[in-house]
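When you read off a place in the sequence shown, starting at 1, and then add 2, the result is the number in the working numbering.
Shown next, in structure tokens, is the structure this report addresses.
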Amino acid sequence: CPLILGDYSRPHPTHVGGGGIRTNRESSWCRVLLWSFWVNRFPGQSCVSKQHAVIPSQVFELDDGSSSYKDFSMTRNNRFSSAGQASKNIIQPPSAVLHFYNVPPCVSQDHLLRLCEEHDVPGFIKFKVFDAKPSSKTISGLLEFDSKTQAVEVLTVLNHYQIRIPNGSNPYTLKLCFSTSSHL
3 CPLILGDYSR PHPTHVGGGG IRTNRESSWC RVLLWSFWVN RFPGQSCVSK
53 QHAVIPSQVF ELDDGSSSYK DFSMTRNNRF SSAGQASKNI IQPPSAVLHF
103 YNVPPCVSQD HLLRLCEEHD VPGFIKFKVF DAKPSSKTIS GLLEFDSKTQ
153 AVEVLTVLNH YQIRIPNGSN PYTLKLCFST SSHL
């Protein structure tokens, strides 16, 4: 579901049901999961968008002073700007298993569970770290959840979370995506 695999640092609930790039038959199921997530997490603040796209004339200022709209269509990071680029993307349908990467080696299973608790999202039931090279500065692995819905919620809330390490120069950006594995 490109809508949730992209880097949306400030998703707006009114845009969840509308726009987005629909590239596979899983996208409608993904929209239902996202809608369910927003309604349950932000009651009274969500509504179904009847628009197929966000129109720049409807731009307004958010509470923090930032704009409610930004056009990313011409950035070099747009994964769908050409058919050639889009064909290189691996569109993975939602699953109960998330692949995590770009995590500092000092982060443990307990630390990731605490992170879930702090952000009021479901905790995982199984955890696996992949073997890394001794010189590797990050680790990666898999997190299994009870359901696809829980995995979608965690991905939506924690994807691109900044992990700061004491005395570290830069934060690590936690990356999450759906795994091809159905279970661990």
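For glycine and all other residues, C-beta sits at the position ideal for the given N, C-alpha and C.
- Determine contact between the segment 166 to 179 and the segment 99 to 115, defined as no fewer than three beta-carbon pairs at a distance below 8 angstroms. yes
Self-check item: Element boundaries [alpha helix (DSSP H), containing residue 154]
Solution: Unbroken alpha helix (DSSP H) run through residue 154: 150 to 160.
- Apply the 10 Å Cβ neighbour rule to residue 123 and answer buried if 16 or more other Cβ atoms are within range, or exposed otherwise. buried
Range covered by the beta strand (DSSP E) that runs through residue 139: Residue 139 -> no beta strand (DSSP E), and no H or E assigned at all.
field: Touch test, the segment 106 to 113 against the segment 167 to 174, Cβ-Cβ under 8 angstroms, three pairs minimum
entry: yes
query: If you scan the segment 79 to 144 from start to end, which runs of the alpha helix (DSSP H) of 4 or more residues do you find wholly inside it?
result: 85 to 90 and 111 to 120
task: Using three-state DSSP, classify residue 59 as helix, strand or coil.
output: Looking at residue 59 - three-state DSSP - the assignment turns out to be helix.
query: By Cβ distance below 6 angstroms, which residues in the same chain neighbour residue 118 in space, the five residues on each side in sequence not counted?
result: 125
Check: If you count every other CB in all the chains shown that lies within 10 Å of the CB of residue 164, and 16 or more means buried, which is it?
Finding: exposed
Review point. Does the pairing of the segment 141 to 157 with the segment 84 to 100 give three or more beta-carbon distances under 8 angstroms?
Key: yes
Extent of the continuous beta strand (DSSP E) to which residue 180 belongs
177 to 180
Going by DSSP, which residues form a beta bridge with residue 184? According to DSSP, which records beta bridges pairwise, residue 184 is partnered with nothing at all.
Return the bridge partner residues of residue 2 from the DSSP annotation.
The structure shown has nothing for residue 2, since the chain only spans 3 to 186.
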